[in-house]
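J.: Quick one: the structure is below, and I'll ask about it shortly.
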Amino acid sequence: MAKKIKITQVKSSAHSRQNMKDTLRTLGLRKIGQSVVREESDAVLGAIRTVRHLVTAEEVD
């Protein structure tokens with residue numbers, strides 16, 4: 149079974165470049181404090197890495 153990751157947006161994307169805003173939307177995040185659970189994959193990990201200063205990520209059982 150694939151691992152799951154909980155991703156939470158902790159900072160605003162207001163002054164970020166457009167590609168970072170698009171990455172947040174791709175992850176399913178729109179507001180500060182919103183969380184989503186995604187299966188761990190290379191694509192998701194790369195997206196988290198792109199916006200690592202705007203989100204927190206943790207493993208979920």
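For the sequence shown, my numbering gives the first residue as 149, with consecutive numbering after it.
Backbone N, C-alpha and C fix where the C-beta goes; we use that ideal spot for every residue, glycine too.
Given the structure is predicted, the values throughout are model-derived calculations rather than measurements.
With DSSP as the reference, label I153 as helix, strand or coil.
T.: Looking up residue 153 in the sequence shown gives position 5. Strand, per DSSP.
J.: Between which two residues does the beta strand (DSSP E) harbouring A191 extend?
T.: Reading the sequence shown from its first residue, position 43 is the one you call residue 191. Counting along the chain, A191 falls outside any beta strand (DSSP E), though it belongs to the alpha helix (DSSP H) covering D190 to T198.
J.: From H226 to K159, what distance separates their C-alpha atoms?
T.: Only positions 149 to 209 of the chain appear in this structure, which leaves residue 226 out of reach.
J.: In the DSSP assignment, what are the bridge partners of A162?
T.: Mapped onto the sequence shown, residue 162 falls at position 14. DSSP lists no partner for A162.
J.: In three-state DSSP terms, what is R173?
T.: To locate residue 173, count along the sequence shown from 1; it is residue 25. The answer is helix: DSSP assigns R173 an H, G or I state.
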